[in-house]
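Residue 659 in our numbering sits at position 511 of the sequence shown; the count goes up by one each step and never skips.
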Amino acid sequence: MSEPEPESSYSKPPGIRLVEHIKRSPLSYKTHQAIVLVVTFVAYASYHAARKTTSVVKSTLDPESSVTSLRSWPWRMSYLSKPDESRRFSWVLGDGWAPFDGSDGTALLGEVDLAFLAVYAIGMYFSGHLGDRTNLRIFLTIGMVGAGVFTAAFGVGYWANIHTFYYFLGVQMLAGLFQSTGWPSVVAVVGNWFGKKKRGLIMGIWNAHTSVGNITGSLVASALLGYGWGWSFVVPGLIIATVGVVVFLFLPVSPEDVGASEEDELHSPKKIGEGVTEPLLEPEAKVQESAVGFIEAWKIPGVAPFALCLFFSKLVAYTFLYWLPFYITNTAIDGKYLSSEAAGNLSTLFDVGGVLGGILAGHISDRLGARAITAASFMYCAIPALFFYRSYGHISITLNIALMFITGMFVNGPYALITTAVSADLGTHSSLRGNSRALATVTAIIDGTGSVGAAIGPLLTGYISAISWSAVFTMLMAAALIAGLLLTRLVVAEVAAKIEESRSRGSASRPQPAAIDV
149 MSEPEPESSY
159 SKPPGIRLVE
169 HIKRSPLSYK
179 THQAIVLVVT
189 FVAYASYHAA
199 RKTTSVVKST
209 LDPESSVTSL
219 RSWPWRMSYL
229 SKPDESRRFS
239 WVLGDGWAPF
249 DGSDGTALLG
259 EVDLAFLAVY
269 AIGMYFSGHL
279 GDRTNLRIFL
289 TIGMVGAGVF
299 TAAFGVGYWA
309 NIHTFYYFLG
319 VQMLAGLFQS
329 TGWPSVVAVV
339 GNWFGKKKRG
349 LIMGIWNAHT
359 SVGNITGSLV
369 ASALLGYGWG
379 WSFVVPGLII
389 ATVGVVVFLF
399 LPVSPEDVGA
409 SEEDELHSPK
419 KIGEGVTEPL
429 LEPEAKVQES
439 AVGFIEAWKI
449 PGVAPFALCL
459 FFSKLVAYTF
469 LYWLPFYITN
479 TAIDGKYLSS
489 EAAGNLSTLF
499 DVGGVLGGIL
509 AGHISDRLGA
519 RAITAASFMY
529 CAIPALFFYR
539 SYGHISITLN
549 IALMFITGMF
559 VNGPYALITT
569 AVSADLGTHS
579 SLRGNSRALA
589 TVTAIIDGTG
599 SVGAAIGPLL
609 TGYISAISWS
619 AVFTMLMAAA
629 LIAGLLLTRL
639 VVAEVAAKIE
649 ESRSRGSASR
659 PQPAAIDV
């Protein structure tokens, strides 16, 4: 007979211990699940809020846009004859900030983005590897505090009057390293607590933290620009570090860590037959589990095509994340140019569309039972959305908002689906035989590969936009097409499975011939 695990072996977070001491009773399993959802949601939203500030401050650091980039429009734009005097900027420093205020300013900003995202992508692989082998609560706390310190350090350059390019480059690289701890950790923690039923919808809603973080980062950074661009980095840095402390105090990594059990939930009359409490991970296999190797995780069916699809999907999404406010300030909408603050606020509509896109993609994939079909369909729909936003977004502010919202929905939908539900599905693939310690590794492989594309997109945009923004959008449409095509084999397999399933149901519904008595 196996003896129950002693209470002293549980690693309950200090905050949960305090709450239970005040209540004089242990927290229920559902309460723990609610804590996990809220804490991980706020945690990763703060990651994205800190990450978004760079895109808002770009046009303040580099106010002088190339005449070539404004006038080279292969697609018809009727307002190009308007004089440059009609432009209106409202940043505090007016002349920009060296070294980003020169003719190569956009290229230097692109290189800073590349440095951040390249280290982020490389760090993602190691973070997943470490996350499966360490206490995720401690690991996540260290990452968030470190990310906060180096995000704030970028803003300190404002008061310290630093104009050395390599200072900003180095600070962003270190910020990217600590930022890489976030995604594998939060997905693994959520995966430990939630079952497979309606995973796409649940994670689609939960994944709204990405867009909520982007919106929060844009609004905070835009609001603080008037006090000096340094505040646009320091405040988000303080926010993510503070949330890191909350994670340390309250985040329960897994049911086993806090001594929580599903048994009461399973025996509840409301839960019988619902299937929502199906454990994502097999508890009986825990003793024999060992962390899955990097190469072994790549061999899991579906990991490679979804990882490569996310490469191109994040290339599109992160180009908007880092360059959309800058693009808006350099594009006359209804014949008028917006200030940095107004552009930052307007760009949040892209992320609002992303929230809806993530929820829709998750819900549709649950209903169809087809992740690849859903992701590929959204990527194909993103192509005309990008074309229309580029071609007609300048006509009026209302049309710009509508097209931006639609573009955000189709661009962020598959990105959200792949990084959440698909990663969790593959991290608990049947080939792993219930091994729970592959989840962070698989998540890191998929999102790490996507982050390589996320690094390349903003870098290329920094150079290509100096020639033509239309060329940038052509690149984005090509990337969306390739992302969809990479899932072709999986789409065909899902369609074939649906056809076979339909035939099986049809055969089962046909009346069987009556037996003849002899």
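In this text, a Cβ means the ideal position worked out from N, Cα and C, and glycines have one as well.
Keep in mind it's a predicted model, so treat the numbers as computed, not measured.
Taking just the CA atoms, how far does residue j sit from residue i?
| i | j | result |
| --- | --- | --- |
| V395 | H180 | 13 Å |
| A520 | Y315 | 42 Å |
| A266 | R653 | 49 Å |
| I476 | A550 | 14 Å |
| I164 | V186 | 14 Å |
| F459 | A246 | 32 Å |
| A356 | L504 | 8 Å |
| G502 | V297 | 28 Å |
| S461 | K171 | 46 Å |
| Q320 | L399 | 27 Å |
| H277 | L547 | 45 Å |
| G628 | F454 | According to the sequence as given, residue 628 is Ala; it is not Gly. So the alpha carbons of these two residues sit roughly 13 Å apart. |
| K178 | S616 | 53 Å |
| G279 | D482 | 49 Å |
| G392 | S194 | 9 Å |
| A614 | T282 | 45 Å |
| M625 | Y537 | 12 Å |
| A369 | T496 | 12 Å |
| S220 | V643 | Unreliable placement is indicated for S220, whose pLDDT of 35 sits below 50; the coordinate value is still reported in the next sentence. Rounded to whole angstroms, S220 to V643 spans 43 Å at the Cα level. |
| L429 | T589 | Summary for L429: the model assigns pLDDT 36, below 50, so the residue's position carries little reliability; its value from the coordinates is reported in the next sentence. L429 and T589: Cα-Cα distance of roughly 15 Å. |
| R199 | P384 | 9 Å |
| V100 | H196 | Residue numbering for the chain in the displayed model covers 149 to 666; residue 100 lies beyond these limits and cannot be assessed. |
| F498 | L472 | 9 Å |
| G561 | E444 | 28 Å |
| S359 | A408 | 31 Å |
| Q436 | F621 | Annotation note: pLDDT 46 at Q436 (below 50); position unreliable, coordinate value reported separately. Rounded to the nearest angstrom, the two C-alpha atoms are 50 Å apart. |
| S650 | V640 | 15 Å |
| L386 | Y375 | 17 Å |
| S402 | T467 | 35 Å |
| M272 | I183 | 25 Å |
| P174 | P162 | 13 Å |
| S203 | Y470 | 4 Å |
| G250 | I554 | 35 Å |
Could you tell me which of the options sits nearest to residue i, measuring between CA atoms?
| i | options | result |
| --- | --- | --- |
| V464 | D252, F316, F189 and A564 | A564 |
| L397 | A645, T188 and D210 | T188 |
| F535 | S495, A523, W354 and G556 | G556 |
| I388 | R515, A295, A602 and S487 | A295 |
| A263 | L635, A631 and G601 | G601 |
| Y268 | S487, G291 and P562 | G291 |
| T591 | A182, D249 and S328 | S328 |
| S159 | Y375, E404, V204 and F313 | E404 |
| M351 | A641, A509 and L633 | A509 |
| L317 | T522, S513 and F302 | F302 |
| A523 | W354, I183, D249 and C457 | C457 |
| R515 | P174, L472 and K646 | K646 |
| N478 | F313, Y466, S618 and F558 | S618 |
| I448 | L372, V570 and F553 | V570 |
| I310 | T567, S599, G378 and W354 | G378 |
| R637 | G450, V620 and L325 | G450 |
| I730 | T254, D252 and A480 | Any question about residue 730 goes unanswered here, given that the chain covers just 149 to 666. |
| W552 | I512, P532, P174 and I593 | Here the sequence assigns Met to residue 552, which means Trp is not the residue at that position. The candidate whose alpha carbon is nearest that of M552 is P532. |
| S513 | F468, K484, I545 and T568 | T568 |
| K484 | I545, G517, Y470 and F474 | I545 |
State yes or no: is the C-beta of residue i nearer than 7 Å to some heavy atom of the ligand HEM?
| i | result |
| --- | --- |
| A182 | The model on display carries no ligand, and the ligand HEM is accordingly not part of it. |
State the beta-bridge partners of residue i as determined by DSSP.
| i | result |
| --- | --- |
| I481 | K484 |
Indicate whether at least one CB of chain D lies closer than 8 Å to the CB of residue i.
| i | result |
| --- | --- |
| I388 | In the structure shown, chain D cannot be found, because there is only a single protein chain. |
With three or more C-beta pairs closer than 8 Å as the rule, is the region 251-268 touching the region 599-609?
Contact between the region 599-609 and the region 251-268 is present: three or more C-beta pairs spanning the two stretches fall below 8 Å.
Three CB pairs or more closer than 8 Å across the region 278-296 and the region 353-366:
They do not touch, by the three-pair rule.
Completely contained alpha helix (DSSP H) runs for the region 243-321, where each covers 4 or more residues:
The qualifying runs are 253-279 and 284-307.
Flag this pair as touching only if the region 484-494 and the region 522-535 have three or more C-beta atom pairs under 8 Å; answer yes or no.
Cβ pair count under 8 Å is below three, so no.
For the region 197-213 against the region 331-345, do three or more pairs of beta-carbon atoms, one drawn from each stretch, fall closer than 8 Å, so that the two count as touching?
Segments in contact, no.
For the region 348-375, list the alpha helix (DSSP H) runs that are entirely contained and at least 4 residues long, ordered along the chain.
Counting only runs of at least 4 residues, the region 348-375 fully encloses the following alpha helix (DSSP H) elements, listed from N- to C-terminal order: 356-372.
Just to confirm the assignment: which complete beta strand (DSSP E) runs, minimum length 3, are found wholly within the region 486-541?
Segments of the beta strand (DSSP E) lying fully in the region 486-541: there are none.
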